[in-house]
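Residue numbers for the sequence shown follow my numbering, beginning at 224 and rising by one.
This report concerns only the one structure given below.
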Amino acid sequence: FERLASIIKNTDKGTILFAPGVAHFAEPLRIGFWAKKLAETKQFNFAAMGTAANGRGISRLLSAFGFSGTNNVLNAIGNGEVDALLCLGCDPIEAYPGLFEHIQKIGFIAATTTLPTAIYQIANVVVPSLHLFERKGTLLSLEEKFVSMDDPLPSPNYPGESGVLSALLNNLGESSSVSPSDIQQKISDFTFLVEEPEPHTASSTDLCAIGYHLPHHYGDGSLTRRSTWVRRYAEKSDNAAIISPALAEKLNVKNGDSVTVQTEHGKSEFSVSIENDQFDDVILIPAYMPNARPLLGWCSKAGFVPISASVSKV
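So, in structure tokens, the structure goes:
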């Protein structure tokens, strides 16, 4: 920790990323407040890396709290403008594999992590952290059965995200206190929509492209694409565009063939997965993959909104 505190105190080109998902921390907003305050104190880059559930509403909420700015952070990393990187419960390598060559050149990397993902392998300082769901309790499963959770495996008294941020702020002479009223004030500033937003629509001559996620893929990269669960259950469908049998026949493609999907924002190539319960005028593309996000216009909008697309066999 002494090395982490020294680096944070003495560097001017730092970046802080954190995962806002409630599955990571018991108090994600409080962690976010601390992380943002640390970034502002040092004039670091800062952003929350959204999880797979983040649609337009959650993205707007993050913006209201001042937690947005992912594009600026990723550009800074890609341009070699970061000397120190602090990742709180997230993994930018797993989320954006194309940044690996840039991230590994950063002089100092610290991470709090629940799983040995890619950032764990190259970080200079790693602080183990419990996943929220590792705590003791009772869960109701999707099969409507109660599952009793055991206590986590015994471990040293690691400080976790809150302890790390509190100590770093104190080391800089800043208070780490956050009152509920601070959070409530930010929520009161959130602008709720008066009218229902107008959705994207596809023309009659085009298909609708809609983004989808698989359970093992979080946008913050906290669950690795190389886990055994992925290999066992989702290897064949990973990074696949999902279409109906009728659309497959129209395109003259079969399972495993490649197609090019093009929208107004760009184009990319995917393998094909044919599923019976799909609409004939819809193609589902994997929004958790970097090559799919740009097609949905995520540089300017977020969410699983339909968008006009054309599809052709490779």
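A virtual CB, placed ideally from N, CA and C, is assigned to each residue, including glycine.
Remember, it's a predicted structure, so these values are computed and weren't measured experimentally.
The shortest C-alpha to C-alpha distance from Lys328 to any of Asp314, Leu338, Asp306 is the one to Asp306. A distance below 7 Å between beta-carbons, with the five flanking residues on each side excluded, links Arg226 to the following residues of its chain, in chain order: Val348.
In summary, Gly237 is buried, with 16 or more beta-carbon neighbours lying within 10 Å of its beta-carbon over all protein chains present.
Taking all protein chains shown into account, Pro339 has fewer than 16 neighbouring C-beta atoms within 10 Å of its C-beta and is therefore exposed. Remark: three or more beta-carbon pairs, one from each stretch, lie closer than 8 Å, so the region 265-272 and the region 285-293 are flagged as touching. Counted as a single uninterrupted DSSP element, the alpha helix (DSSP H) harbouring Asn233 occupies residues 225-233. The Cβ atoms of Gly273 and Thr335 lie no closer than 8 Å to each other. CA-CA distance, Ser389 to Arg253, rounds to 11 Å. Collapsing the DSSP output to three states places Thr340 in coil. It is roughly 27 Å from the alpha-carbon of Val296 to the alpha-carbon of Ser411.
Val296 carries a helical assignment under DSSP once its states are collapsed to helix, strand and coil. Counting only residues of its own chain and dropping the five nearest sequence neighbours on each side, Leu392 has a CB closer than 8 Å to the CB of Trp257, Lys260, Leu261, Thr264, Ser398, Ser399.
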